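S.K.:
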Amino acid sequence: MNSGLLKRLFSLTTLSLLVLSVAFNSSLMAAEAKKELKAGIIGLDTSHAIAFTKMLNTGTPEGELAGVRIVAAYPKGSPDIESSVSRVPKYTEDVKKMGVEIVDSIDDLLKKVDVVFLETNDGRPHLEQAIPVFQAGKPVFIDKPIAGSLTDAVALFELSRKYNTPMFSSSSLRFSKGAQRLRNGEEGKITKCSTHSPCSLEKTHPSLFWYGIHGVETLFTVMGPGCQSVKRTVSNADRDEVVGRWAGGRVGQFSGVRKGTPKGYGGTAVGENGEVAVGGYDGYKPLLVEIVKFFRSGKPPVSEEETLEIYSFMEAADESKRQGGAEVTLASVLEKAERAANKKLAKLDLAGDSVSATDNKLSATEKAAGWKLLFNGKNYAGWKCNNGKPIAAPIEDGALVPYKSGGYLIVYDKPFSDFKFKCDVKMPKECNSGIFFRIGNLKDPVQTGFEAQILSGKGTGMHDFGAIYDLVAPAENRASAPGEWTNIEITCQGPHISVAVNGKVVASLDADEWTQPGKRLDGSKHKFKAAVKDFPRKGYLGFQDHGHKVWYKNVKLLDLSEKK
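Next comes the structure, spelled out in structure tokens:
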């Protein structure tokens, strides 16, 4: 046999082995993908549990649903919502008829299953019910609402990360054909969307959590994440109307209907191809298919960031209602919830292991949005006195303290133009300080920069807490009590400047309107020699040492100039 023939035979043999190897590996992957999964249900107080069990345990499930079976259920759901409690006996008998074993505890259930449907209709017990699931490492789908509060929603994701156990939560409306078509860009970029759904209320939950979630989830499916603020424009016995403002000027509106029209689920969206219907409810199967895909892959079809944004939207809508229809930022309610979740998790006895994100760290939501941590709570890296001297003030309990610091200001060593800046501040009973920003000349910060005033007391003058110092008085004094932390956020975008305190804008101005040196818009005098319109549009930011102790932490900045 000549050498050429041998080479050809060798090549053919190698190719055949390669083909066989690929086929074998493909078969293994396919077998793994269709590996039988034993699923358990926690909470038999919702029709969803019955619907999922029917689709998986009766007939011959096909496609993605093949090979998944509900084998056990722990019936207990809501402790006190009568409409939920009353369903449990019947639903327990229903699932037993479909071959499901009823167990006495969640621990017993976890011994029998690979994956978990947390179906309790009441969101309040979800955190407690999910902890043993996370500890057991069982992937879990948490049905709507994800929790009874935004605080618990944040805590659930913290635990999911701690125990490296995948989870996701969604309304079935997310996976309707109409919503998915728009999410996938088939009508181009969506600039405006209006959705509606039934919106029955449950007094134990924020008003949109209970049933409005369906329409809100549809809204976010179409618009995507990026909502910045919410305003509740209508809230009465018949309906709720909520308007959200997205980055880039996009607008989304949700109508929660209890009486009147429109009926059912749906909406309209405006895209590059014109106005189009959003579509309605396509049943439970599209959601169940996504749940099973998630169980097999461990990859949630909805991100933590988007889920928390959805629930922040609904929480902000409630806060807007409490404030008489004021505009409320999603960041403000989420930050409040994150702090509350940290405290709640710190109190739990979870093998003595801390599970909460500590102060002076970026949350997952902030990281995804591009926020930067300016102060790490450990040292003054990146900071200096405005006179160039080293900072003499010690750090106290992770807080920056501009007191006997060595300069008039402790400043960050990089200038910024357009940005969102936020931090938490704690004042004693007697306090005078300030947050300076857009400082053009560090040798003369008083005349070349703006100041958000930090002052004890409850006044509402141009030198009181939340004022744009000597220019605009706060609409109200929202500072927390002495010894408690107050959240403050400063936004600069071109000529527009605003100061928000504990989630609500209290002072704002358009610098282009301030054309006269030394004069306010009403003609009264202010301290500045230059016209405000001529102030630097880029500069340094810093904390004032005005002779009183004051504490700052969670110092963060989102550079808006990088997003242009």
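Residue numbers (mature numbering (1 follows the signal peptide of the UniProt record, and there is no 0)): -30 to -1, 1 to 534.
Every residue, glycine too, gets a C-beta built ideally from N, C-alpha and C.
Note that the structure is predicted; figures quoted are calculated from it, not measured.
Quick test of your reading: V469 and P372, contact by CB under 8 Å. State the CB separation rounded to the nearest angstrom.
M.R.: That belief does not hold up - the Cβ atoms of V469 and P372 are roughly 18 Å apart, past 8 Å.
S.K.: Let's see if you can read the secondary structure: which residues bound the alpha helix (DSSP H) around L26?
M.R.: From DSSP, the alpha helix (DSSP H) with L26 extends over S17 to N27.
S.K.: Should the segment 125 to 143 be called in touch with the segment 200 to 213, which here means at least 3 C-beta pairs below 8 Å?
M.R.: Because the criterion of three Cβ pairs below 8 Å is not met, the segment 125 to 143 and the segment 200 to 213 do not touch.
S.K.: Quick test of your reading: L258 and V124, contact by CB under 8 Å. State the CB separation rounded to the nearest angstrom.
M.R.: Their Cβ separation, rounded to whole angstroms, is 27 Å, which puts L258 and V124 out of contact at 8 Å.
S.K.: Is the distance from the Cβ of K497 to the Cβ of D434 below 8 Å?
M.R.: No, Cβ-Cβ distance for K497 and D434 is not below 8 Å.
S.K.: Report yes or no: do three or more beta-carbon pairs, one from the segment 507 to 521 and one from the segment 394 to 404, lie closer than 8 Å?
M.R.: Taking 8 Å as the limit for Cβ pairs, the verdict is that the segment 394 to 404 does touch the segment 507 to 521.
S.K.: Between E157 and G241, which are expected to be in contact by the criterion C-beta below 8 Å, what is the C-beta distance as a whole number of angstroms?
M.R.: Sure, about 4 Å apart at Cβ, within 8 Å.
S.K.: When the Cα atoms are used, what is the spatial distance from A339 to S48?
M.R.: Going by the C-alpha atoms only, they are around 35 Å apart.
S.K.: Determine the extent of the alpha helix (DSSP H) in which L300 is found, giving its start and end residues.
M.R.: Run containing L300: L300 to K317, per the alpha helix (DSSP H) assignment.
S.K.: Return the chain-ordered list of same chain residues with a C-beta closer than 6 Å to the C-beta of T461, the five sequence neighbours on each side being excluded.
M.R.: If we look at T461 and ignore the five residues flanking it on each side, its Cβ neighbours are K390 and S468.
S.K.: Starting from the Cα of R151, find the closest Cα among G196, V65 and A239 and give me that residue.
M.R.: Among G196, V65 and A239, the Cα nearest to that of R151 belongs to A239.
S.K.: Please list the terminal residues of the continuous alpha helix (DSSP H) segment that includes D434.
M.R.: No alpha helix (DSSP H) contains D434, which DSSP labels as neither H nor E.
S.K.: Who are the Cβ neighbours of V502 in its own chain at under 6 Å, not counting the five residues just before and after it?
M.R.: Only A481 and W484 meet the Cβ criterion.
S.K.: Pairing CB atoms from the segment 103 to 120 with CB atoms from the segment 64 to 74, are three or more of them under 8 Å?
M.R.: Because the criterion of three Cβ pairs below 8 Å is not met, the segment 103 to 120 and the segment 64 to 74 do not touch.
S.K.: Check whether the segment 253 to 270 and the segment 221 to 233 touch, using three or more Cβ-Cβ pairs below 8 Å as the test.
M.R.: The segment 253 to 270 vs the segment 221 to 233: no contact.
S.K.: Below 8 Å, how does it come out for the segment 503 to 517 and the segment 405 to 418: are there three or more Cβ pairs, yes or no?
M.R.: Segments in contact, yes.
S.K.: Please look up how many angstroms separate the CB atoms of N457 and E211, rounded, as I've assumed it's under 8 Å.
M.R.: Actually they do not touch by this definition, with Cβ atoms about 27 Å apart.
S.K.: Can you say whether H466 is buried or exposed, counting buried as having 16 or more other CB atoms within 10 angstroms of its CB?
M.R.: Per the 10 Å Cβ criterion, exposed.
S.K.: Decide if the segment 155 to 172 is in contact with the segment 265 to 274; the criterion is three or more beta carbon pairs, one per stretch, under 8 Å apart.
M.R.: No: fewer than three Cβ pairs fall under 8 Å.
S.K.: Between K342 and K526, which are expected to be in contact by the criterion C-beta below 8 Å, what is the C-beta distance as a whole number of angstroms?
M.R.: About 7 Å separates the two Cβ atoms, so the contact holds.
S.K.: Taking three-plus beta-carbon pairs below 8 Å as touching, is the segment 416 to 431 in contact with the segment 345 to 365?
M.R.: Touching, no.
S.K.: Bridge partners of Y522, per DSSP?
M.R.: Answer is L370 and V395, bridged to Y522.
S.K.: In terms of alpha-carbon separation, which member of L379, A217, L126 and T161 lies closest to A310?
M.R.: With distances taken between Cα atoms, A310 lies closest to L126.
S.K.: When DSSP labels each residue in this structure, what does I261 get in the three-state scheme?
M.R.: In the structure shown, I261 sits in a helix (DSSP, three-state: H, G or I).
S.K.: If you run the structure through DSSP and keep just helix, strand and coil, what is Y378?
M.R.: In this structure, Y378 counts as coil in the three-state DSSP scheme.
S.K.: Only counting runs of 3 or more residues, tell me where the beta strand (DSSP E) segments fall wholly within the segment 444 to 468, in order along the chain.
M.R.: You should have 455 to 463.
S.K.: Would you kindly work out how many angstroms separate the C-alpha atoms of V83 and A42, rounded to a whole number?
M.R.: Answer to the nearest angstrom: the Cα atoms are 7 Å apart.
S.K.: Which partner residues does N402 have in the DSSP bridge list?
M.R.: Per DSSP, L425.
S.K.: Does the segment 356 to 368 come close enough to the segment 376 to 385 to have 3 or more Cβ pairs within less than 8 Å?
M.R.: Yes: at least three Cβ pairs fall under 8 Å.
S.K.: Only counting the same chain, and skipping five residues up and downstream in sequence, which positions put a Cβ closer than 7 Å to that of N356?
M.R.: The answer, listed in chain order, is G377, Y378, L379, V381, L412, P415 and G512.
S.K.: Cβ of D388 within 8 Å of Cβ of Q293?
M.R.: No; because the gap between Cβ atoms is not below 8 Å, this pair is not in contact.
S.K.: Find the nearest neighbour of S119 within the set H175, E128, N91 and K132, judged by alpha-carbon distance.
M.R.: When only C-alpha atoms are compared, the closest one is H175.
S.K.: Taking 6 Å as the limit between beta carbons, can you name the residues of its chain near V246, skipping five residues before and five after?
M.R.: Cβ within range, chain order: E157 and A239.
S.K.: In terms of residue numbering, what span does the beta strand (DSSP E) encompassing K354 cover?
M.R.: Looking at the DSSP string, the run of the beta strand (DSSP E) that includes K354 is W353 to C355.
S.K.: Taking the alpha-carbon of L318 as reference, which of D122, V476 and D74 has the nearest alpha-carbon?
M.R.: Selected option, being the one with the closest Cα: D122.
S.K.: Have a look at the DSSP bridge pairing and note the partners of H166.
M.R.: For H166, which the question treats as bridged, DSSP gives the partners S225 and G236.
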